[in-house]
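Colleague:
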Amino acid sequence: MSSEEKSSTMSQKISSPSHSNSSSSSKHDSRQVSDSWEIVEGLRGGLSNVQEPEKQAGYMLKKRKWPMKGWHKRFFYLDKGILKYAKCAADVEKGKLHGCIDVGLSVMAIKKKAKCIDLDAEENIYHLKIKSQELFDEWVSKLRHHRLYRQNEIRASPAKQSSLHSPVSFTSQAKVTAWLQSSDDMDRCTKELSVCEAQLLELNHLLRSMEVLHRTCSAPAINALCENQNHILKLFVLIYIPEMMLDSFLCLYPVHTTMKSALCMLTTEKERLKQMLEHESCPAPSAQLLGMKNALAAQDSSDGSRPLVHQVSNESRASITESLSEFFDAQEVLLSASSSENEVRMKSHLFYQSHKCAALSVNAIGAPEPCFSFSACVENGGSQEQRRSCLPSPSPNTSNISLWNILKNNIGKDLSKVAMPVQLNEPLNTLQRLCEELEYSELLDKAAHTQDPFERMVYIATFAVSGYASSYYRAGGKPFNPVLGETYECDRPDKGFGFVAEQVSHHPPISACHAESKNFIFWQDVRWRNKFWGKSMEIVPVGTTHVVLPGFGDHYEWNKVTSCIHNILSGQRWIEHYGEISIKNSNSEKCQCKVTFIKAKYWNSSMNEVEGAVTDHKGKIVHKLSGKWHEGMYCGSPPSAKCIWRTNPMPPDYEQYYSFTKFAMELNELDPLTKPLLPPTDTRLRFDQRLLEEGNVESAEEQKQRIEQLQRERRRVLEENHMTHQPRFFQKSKDDTWVSNNTYWELRKDPGFSNLDCPVLW
Numbered sequence: 001m002s003s004e005e006k007s008s009t010m011s012q013k014i015s016s017p018s019h020s021n022s023s024s025s026s027k028h029d030s031r032q033v034s035d036s037w038e039i040v041e042g043l044r045g046g047l048s049n050v051q052e053p054e055k056q057a058g059y060m061l062k063k064r065k066w067p068m069k070g071w072h073k074r075f076f077y078l079d080k081g082i083l084k085y086a087k088c089a090a091d092v093e094k095g096k097l098h099g100c101i102d103v104g105l106s107v108m109a110i111k112k113k114a115k116c117i118d119l120d121a122e123e124n125i126y127h128l129k130i131k132s133q134e135l136f137d138e139w140v141s142k143l144r145h146h147r148l149y150r151q152n153e154i155r156a157s158p159a160k161q162s163s164l165h166s167p168v169s170f171t172s173q174a175k176v177t178a179w180l181q182s183s184d185d186m187d188r189c190t191k192e193l194s195v196c197e198a199q200l201l202e203l204n205h206l207l208r209s210m211e212v213l214h215r216t217c218s219a220p221a222i223n224a225l226c227e228n229q230n231h232i233l234k235l236f237v238l239i240y241i242p243e244m245m246l247d248s249f250l251c252l253y254p255v256h257t258t259m260k261s262a263l264c265m266l267t268t269e270k271e272r273l274k275q276m277l278e279h280e281s282c283p284a285p286s287a288q289l290l291g292m293k294n295a296l297a298a299q300d301s302s303d304g305s306r307p308l309v310h311q312v313s314n315e316s317r318a319s320i321t322e323s324l325s326e327f328f329d330a331q332e333v334l335l336s337a338s339s340s341e342n343e344v345r346m347k348s349h350l351f352y353q354s355h356k357c358a359a360l361s362v363n364a365i366g367a368p369e370p371c372f373s374f375s376a377c378v379e380n381g382g383s384q385e386q387r388r389s390c391l392p393s394p395s396p397n398t399s400n401i402s403l404w405n406i407l408k409n410n411i412g413k414d415l416s417k418v419a420m421p422v423q424l425n426e427p428l429n430t431l432q433r434l435c436e437e438l439e440y441s442e443l444l445d446k447a448a449h450t451q452d453p454f455e456r457m458v459y460i461a462t463f464a465v466s467g468y469a470s471s472y473y474r475a476g477g478k479p480f481n482p483v484l485g486e487t488y489e490c491d492r493p494d495k496g497f498g499f500v501a502e503q504v505s506h507h508p509p510i511s512a513c514h515a516e517s518k519n520f521i522f523w524q525d526v527r528w529r530n531k532f533w534g535k536s537m538e539i540v541p542v543g544t545t546h547v548v549l550p551g552f553g554d555h556y557e558w559n560k561v562t563s564c565i566h567n568i569l570s571g572q573r574w575i576e577h578y579g580e581i582s583i584k585n586s587n588s589e590k591c592q593c594k595v596t597f598i599k600a601k602y603w604n605s606s607m608n609e610v611e612g613a614v615t616d617h618k619g620k621i622v623h624k625l626s627g628k629w630h631e632g633m634y635c636g637s638p639p640s641a642k643c644i645w646r647t648n649p650m651p652p653d654y655e656q657y658y659s660f661t662k663f664a665m666e667l668n669e670l671d672p673l674t675k676p677l678l679p680p681t682d683t684r685l686r687f688d689q690r691l692l693e694e695g696n697v698e699s700a701e702e703q704k705q706r707i708e709q710l711q712r713e714r715r716r717v718l719e720e721n722h723m724t725h726q727p728r729f730f731q732k733s734k735d736d737t738w739v740s741n742n743t744y745w746e747l748r749k750d751p752g753f754s755n756l757d758c759p760v761l762w
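762 is the number that the UniProt record's numbering gives the last residue of the sequence shown; the numbers go up by one with no jumps.
#1: How is residue 768 classed by DSSP in three states: helix, strand or coil?
#2: For residue 448 versus residue 553, is the C-beta spacing smaller than 7 angstroms?
#3: Rank 541, 699, 398, 742 by C-alpha distance to the C-alpha of residue 728 and give the top, closest one.
#4: So what does DSSP say about residue 60, is it helix, strand or coil?
#5: Can you grab the Cα-Cα spacing for the pair residue 703 / residue 463, in whole Å?
#6: Take the Cβ of residue 508 as the centre, count every other Cβ of all protein chains shown within 10 Å, and call the residue buried at 16 or more, exposed below.
#7: Among the candidates 726, 115, 386, 95, whose CA atom is the shortest distance from the CA of residue 663?
#8: Tell me the start and end of each unbroken alpha helix (DSSP H) in the stretch 424-488 that is at least 4 residues and wholly inside, in chain order.
#9: Any idea if residue 656 is buried or exposed, counting beta-carbon neighbours within 10 angstroms, 16 or more meaning buried?
#10: Excluding the five sequence neighbours on either side, which residues of its own chain have a C-beta within less than 7 angstroms of the C-beta of residue 744, listed in chain order?
#11: Within 10 angstroms of the Cβ of residue 427, are there 16 or more other Cβ atoms? Answer buried if so, exposed if not.
#12: Taking the alpha helix (DSSP H) that residue 820 belongs to, which residues open and close that run?
#13: Are residue 628 and residue 608 close, meaning C-beta to C-beta below 7 angstroms?
#14: Specify the secondary structure class of residue 104 as computed by DSSP and reduced to three states.
#15: I want to check one thing, is the minimum distance from the CB of residue 663 to the heavy atoms of the ligand SAH below 6 angstroms?
#16: Evaluate the contact criterion for the stretch 515-524 versus the stretch 440-460: three or more CB pairs, one atom per stretch, below 8 angstroms.
#17: Could you check if residue 591 is buried or exposed, using at least 16 other CB atoms within 10 Å of its CB as the buried criterion?
#18: Does DSSP put residue 146 in a helix, a strand or coil?
#19: According to DSSP, residue 86 sits in a beta bridge with which residue or residues?
#20: In three-state DSSP terms, what is residue 401?
#21: Note down, in chain order, each residue of its chain lying with its Cβ closer than 8 angstroms to the Cβ of residue 589, except the 5 sequence neighbours on either side.
#22: Determine the direct distance from the alpha carbon of residue 651 to that of residue 635, and round the result to whole angstroms.
#23: In angstroms with no decimal places, state the Cα-to-Cα distance between residue 682 and residue 754.
#24: Please name the residue in 488, 143, 573, 586 whose C-alpha comes closest to that of residue 548.
#25: Would you kindly report the start and end of the unbroken beta strand (DSSP E) that includes residue 625?
#26: Three or more beta-carbon pairs under 8 angstroms between the stretch 557-566 and the stretch 533-547, yes or no?
#27: Which residue's Cα is closest to the Cα of residue 582: 606, 543, 573?
#28: Rounded to a whole number of angstroms, what is the C-alpha to C-alpha distance between residue 610 and residue 545?
#29: Look at the alpha carbon of residue 752 and the alpha carbon of residue 440, and state the distance between them as a whole number of angstroms.
#30: I'd like the span of the alpha helix (DSSP H) that includes residue 665, first residue to last.
#31: Exposed or buried, residue 71, counting other C-beta atoms within 10 Å across all chains shown (16 or more means buried)?
#32: What residues in its chain sit with their C-beta under 7 angstroms from that of residue 699, if we drop five residues either side in the sequence?
#33: Can the beta-carbon of residue 574 be found less than 7 angstroms from the beta-carbon of residue 475?
#34: Are the CB atoms of residue 630 and residue 461 nearer to each other than 7 angstroms?
#35: Could you check where the beta strand (DSSP E) with residue 557 kicks off and where it finishes?
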């Protein structure tokens, strides 16, 4: 973030309105202690003469960092708006800090009755508690004073904002980061990596052309092509990596002797293959081989890098630059669903080797041995029917909405009960969001056709990760809350499943869903706990996801991880998921799996990482999993790791259309042939959501308020008559979870929902 952006962000934070202590005390009697969170007022208006506060030190209880639970006693030291903490006072004096936070840049909230203090900064949330009322009042008073002093200091010295996060922020690692960012060599290297990336995409295009040749050429030509494929692949990598990149890497990383030798090996191998091309007699060289030879000659005669001929890939640039080497899975053969039994398809996938790999040898660039017999990486699976690829209207402008005015009275509360303007919604429902978890259902189909139980677990674990992929671009959007009794159906013959969901409870909100195909059965009921902490919002799902593979009798169960949306009030919103998914097969103890979503660290640029392991009944690791939940998953250790799954490319101009994936754009599509078959409670018939999708924000807001009022009236009638709502398509099981009663598709067929008495929800 640039200094100008930081200055703007900090000005917004400092000038954000909040409840003052005086207004709070006027509302409550001195004998009555507030039971709700109260936001502490920050600096208002221009500069003021704030006297330098006295230092404050002492012990407080601090909530343990995830995944640990409970509280621990820590020594805190407050000086000029910077709050440090350590295990004891001696550690603070020695500089052995556990952490520190800038109070001036934090949203501060207190709960008097519980004697709790929350400090929410962009990197951390400090939950503090004090047992003594006297000490609590003293700390609150000091924190107020230090906060005002610090904010006044920030406003008076905007040029110093780059060093405000911590008095010890410029550590050795920060210095290295700053040096890299200002390094001309790194800039040049980054540009050359971009060129290399585009040229590697050429390889992908070339191999797809080879696939066409493979389907159309005669048998002898096919055999010759297959024999030369690895040779061509090595040639392409060696030819199209510009030699100047070797100089850049050797300049940037002079101490990495192993890497230096590996890169030099590339140059040597390139020359060797060049000579071999000149002297080797080939009875019938392919056009691709001749093209390689010509490209090699063209590169030797040019003194610059090749121009970009393809767009950069959809994967994040960070993944490209962080990886010091790349390798290919040269050949993967699978039976295509659209092919005959005798037809096979050769498919190549580029994926990245971890920078932890010590050396990149020419052998590794070939076709690494797979860790087991996985077929190709799941990507764009399933035949596609003709569905829409764009929404009727782009997303509305929300810059005029003050989230602070909406959320300032709800610190620490469940936001599911807070009414939001319709502009903050996306034209999808929570029930449809549950269906979105099946975007990569092909992983379950592959699991259903995999004999090895450990390989099946790999596909199941990857499917559990894939459900989070679409959230990467959608941190700024909120789905519509379903009203009680609302349903959603998604019939996807192209993917082979039928999905049904229903809102079975309103307080607490519970959504249940069920999907079936010939290969799997999927169901879950999900409840959410949302907490807003001033700058960030935590979403903690409660419930279990189930998948049954009837062909093997497997019943897999797993939990969901915590999600956190950062920069709610200002700056670029972003979402992270952290926690551990534990997957077990309740019908067999042969194997289990644990997948960890790693929480982002302030001092580490790596984000969205996932690690996991499939183990046997003795706890021995059989398969290792790694990747990023927004990019893809791999099995095994580099360089022989296999790509299991990759995200689909985003549609054109997706930023203008709520950042929806293609699958998400299809969820609310209302086919004229399907409409008469739907129950009147289906989400796609809901007026406010449909109007928002069409760009009519004003009418959507009116309909949203009307639909919410109708729900309140129905609830009042039920309470007055001592009645409870009974879901139509789901029922409670023995373990108090909601499961399908298997009546939806039967009623849809006979007698049809148009012939049934259905509730009027809107």
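The beta-carbon is built from N, C-alpha and C at its ideal position, and this holds for glycine as well.
Modeller: On the basis of the supplied data:
#1: Absent from the structure is residue 768, since the part of the chain shown begins at 1 and ends at 762.
#2: Here residue 448 corresponds to residue number 448 of the sequence shown, with the count starting at 1. Here residue 553 corresponds to residue number 553 of the sequence shown, with the count starting at 1. Their beta carbons are not under 7 angstroms apart, which means residue 448 does not touch residue 553 by this criterion.
#3: Position 728 of the sequence shown, counted from the start, is the residue given in the question as residue 728. Closest option to residue 728, judged by alpha-carbon separation, among 541, 699, 398, 742: 742.
#4: On the sequence shown, residue 60 is found 60 positions in, with the first residue counted as 1. Three-state DSSP puts residue 60 in a strand.
#5: Within the sequence shown, the letter at position 703 stands for residue 703. Within the sequence shown, the letter at position 463 stands for residue 463. In this model, residue 703 and residue 463 are separated by some 37 angstroms (Cα to Cα).
#6: Here residue 508 is taken as the residue at index 508 of the sequence shown, counted from 1. Under this definition residue 508 is an exposed residue.
#7: Here residue 663 refers to the residue found at position 663 when the sequence shown is read from its first residue. It is 386 whose Cα lies nearest to the Cα of residue 663.
#8: 430-436, 442-448, 453-466, all fully within the stretch 424-488.
#9: In the sequence shown, the residue the question calls residue 656 occupies position 656. Residue 656 sits exposed, since fewer than 16 C-beta atoms from the chains shown fall within 10 Å of its C-beta.
#10: If you number the sequence shown from 1, residue 744 lands on position 744. Within the same chain, and ignoring the five residues on either side of residue 744 in sequence, the residues whose Cβ sits closer than 7 angstroms to its Cβ are 500, 729.
#11: Position 427 of the sequence shown, counted from the start, is the residue given in the question as residue 427. Residue 427 is buried by the Cβ-count criterion.
#12: Because the chain in this structure spans residues 1 to 762, residue 820 falls outside the shown range and cannot be described.
#13: As a position in the sequence shown, residue 628 is number 628, starting the count at 1. As a position in the sequence shown, residue 608 is number 608, starting the count at 1. Judged by beta-carbon spacing, residue 608 lies within the 7 angstroms limit of residue 628, meaning their Cβ atoms are closer than that value.
#14: Looking up residue 104 in the sequence shown gives position 104. In the structure shown, the three-state DSSP call for residue 104 is helix.
#15: The ligand content of the structure shown is nil, which means the ligand SAH is not present either.
#16: Output reads yes: the stretch 440-460 touches the stretch 515-524.
#17: As a working note, residue 591 is residue 591 in the sequence shown. Within 10 angstroms of the beta-carbon of residue 591 lie 16 or more other beta-carbons, which makes it buried.
#18: On the sequence shown, residue 146 is found 146 positions in, with the first residue counted as 1. Reduced to three states, the DSSP call for residue 146 is helix.
#19: To locate residue 86, count along the sequence shown from 1; it is residue 86. Beta-bridge pairing links residue 86 to 75.
#20: For the purposes of this step, residue 401 is taken as the residue at position 401 of the sequence shown. Residue 401: coil per DSSP, three-state reduction.
#21: Translated into positions along the sequence shown, residue 589 becomes position 589. The beta carbon of residue 589 sits closer than 8 angstroms to the beta carbons of 617 from its chain, once the five residues preceding and following it are set aside; these are given in chain order.
#22: Here residue 635 refers to the residue found at position 635 when the sequence shown is read from its first residue. Here residue 651 refers to the residue found at position 651 when the sequence shown is read from its first residue. Whole-angstrom Cα-Cα distance: 28 angstroms.
#23: Numbered from its first residue, the sequence shown carries residue 682 at position 682. Numbered from its first residue, the sequence shown carries residue 754 at position 754. Rounded to the nearest angstrom, the gap between the Cα atoms of residue 682 and residue 754 is 12 angstroms.
#24: Here residue 548 corresponds to residue number 548 of the sequence shown, with the count starting at 1. Looking only at 488, 143, 573, 586, the smallest Cα-Cα distance to residue 548 is reached by 586.
#25: As a first step, residue 625 must be located in the sequence shown, where it is residue number 625. Segment 621-628, the beta strand (DSSP E) holding residue 625.
#26: Enough Cβ pairs lie closer than 8 angstroms, so yes.
#27: Translated into the one-based positions of the sequence shown, residue 582 becomes position 582. Among 606, 543, 573, the Cα nearest to that of residue 582 is on 543.
#28: The count along the sequence shown starts at 1 and reaches residue 610 at position 610. The count along the sequence shown starts at 1 and reaches residue 545 at position 545. Here the C-alpha atom of residue 610 lies approximately 19 angstroms from the C-alpha atom of residue 545.
#29: If you number the sequence shown from 1, residue 752 lands on position 752. If you number the sequence shown from 1, residue 440 lands on position 440. If I take the Cα positions, the gap works out to 30 angstroms.
#30: Within the sequence shown, the letter at position 665 stands for residue 665. 662-667 is the span of the alpha helix (DSSP H), which, as asked, contains residue 665.
#31: Residue 71 sits at position 71 when you count from the first residue of the sequence shown. Classification of residue 71: exposed, given that the 10 Å Cβ count is below 16.
#32: Here residue 699 corresponds to residue number 699 of the sequence shown, with the count starting at 1. Counting only Cβ-Cβ distances below 7 angstroms, and skipping sequence neighbours, we find 691.
#33: As a position in the sequence shown, residue 574 is number 574, starting the count at 1. As a position in the sequence shown, residue 475 is number 475, starting the count at 1. The beta carbons of residue 574 and residue 475 sit closer together than 7 angstroms.
#34: Locating residue 630 in the sequence shown gives position 630, counting from the first residue. Locating residue 461 in the sequence shown gives position 461, counting from the first residue. No, the pair does not count as a contact, with Cβ atoms beyond the cut-off.
#35: The residue you call residue 557 lines up with position 557 of the sequence shown. Following the DSSP letters along the chain, one finds residue 557 inside the beta strand (DSSP E) bounded by residues 554-558.
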